[in-house]
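In the numbering used here, the protein residues as written are 45 to 488.
Glycine included, every Cβ here is placed at the ideal spot set by N, Cα and C.
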């Protein structure tokens, strides 16, 4: 996956990244302000002399190290902690977690650190531990000889520490910043996880890869003016003119005179594409006939505002002739065979030899016959009609249809021997400039 692809995923999933980062920052802020108490750290310094003379032998060095370790153990011993507990009122078990002893390398200084949410109590604990260690060591002859002393009592710290690393008044802000960074990283991870799990087809390249078909045209989102007609909108009408050109210059021995337009799933805009494509073709001084073969949810009579009291269903029932059902629309060159009255069993009429006869007769009267078919995966009607035409155009709604559905539709068309010419990507989100400049200057 190249850099451009990474950036594309992040751009598409930017909301996921932002929400995750803000949520992590909010959780960290809530924890810092309402759950985490400030942690103050006080430091008392004890001087533990280890040298016994002007010179130090190897034995003296070893004795010095042993002495340092002895005082470190004494600072956290039970007697010392019990005495400090009596002075401060803090339980001995808690003191063991609060107190830490360190030595400065190559020195005789012992640092006693006490941590507490109360800065005064932290200083009291550190100083009390140091004084208790000194007091108890002087009760022995060895301790009196060493002469351990309090080098510096603990001062009351002004600022809490950030996780015990350094003192700062901005420890909460640091927590929030780290939470925000962790949230950003997690958000990026979720963005790529969602991308991996998301089978929706967002780009033309994805659609072509899944269908193994060329893209005949990309139709921008149609701003519905007259029931979905886009002839007055230069941006969309130019896209249909491009589709018209792609169809008529398609690489084939003979241009298919009858095209079935279908989609994998309902609501991908195939009926609107049929209507607008018919008008674009008619503008090139060709006669186009639309056959509304969607006998479940017919729309063409609504799009062209023609009556639907007779149509395909009455023709298939042999209650009318082709001349009776072929209606001229208000758009020059565009004719329509509406669905006719539909009922529960109307769709079963499509599996009839009369359909092939109708298409053949209409091909003699028009330059192109466009058949509006139901979605392939919703019902079997599209698969029944596909072998009766010269070619099939598959409509895929961008950012709407899933890979599995398109693959299944493609497989269904192949199983009936349909000749699929290509795909039309519908509802493309494209900047207005992509078509706008040429659409203002290019005619029909």
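With 16 or more other Cβ atoms inside 10 Å of its own Cβ, residue 327 counts as buried. According to the DSSP assignment, residue 348 belongs to no beta strand (DSSP E) but to the alpha helix (DSSP H) extending over 344-348. For residue 70, the uninterrupted alpha helix (DSSP H) segment begins and ends at 58-74. Around the beta carbon of residue 372, fewer than 16 other beta carbons lie within 10 angstroms, which makes this residue exposed.
Using a Cβ distance threshold of 8 Å, residue 283 and residue 466 do not count as a contacting pair.
Classified as buried, residue 344 has 16 or more neighbouring CB atoms from the shown chains inside 10 Å of its CB.
Residues of the same chain with a CB within less than 7 Å of the CB of residue 448, apart from the 5 flanking positions on each side, are 243 in chain order. With fewer than 16 other CB atoms across the displayed protein chains lying within 10 angstroms of its CB, residue 293 is exposed. Contact check for residue 248 against residue 469 passes: the beta carbons are separated by less than 8 Å. In the structure shown, residue 447 falls within a helical segment according to DSSP collapsed to helix, strand and coil.
Counting C-beta atoms within 10 angstroms of its own C-beta, residue 314 has 16 or more neighbours from the protein chains shown and is therefore classed as buried.
Scanning the stretch 352-414 for uninterrupted beta strand (DSSP E) segments of 3 residues or longer gives 378-381, listed from N- to C-terminal end.
By the neighbour-count criterion, in which a residue is buried when 16 or more other Cβ atoms sit within 10 angstroms of its Cβ, residue 84 is buried.
Going by beta carbons, residue 211 and residue 201 fall inside the 8 Å limit. A distance below 8 Å separates the beta carbons of residue 339 and residue 357. Nearest in C-alpha terms to residue 429, of all of 226, 362, 302 and 61, is 302. In this chain, the beta strand (DSSP E) harbouring residue 160 covers 153-160. For residue 174, the closest of 445, 134, 368 and 89 by C-alpha to C-alpha distance is 89. For residue 425, the number of other beta carbons within 10 angstroms of its own is at least 16, and it is reported as buried.
Between the C-alpha atoms of residue 147 and residue 132 there is a straight-line separation of about 25 Å.
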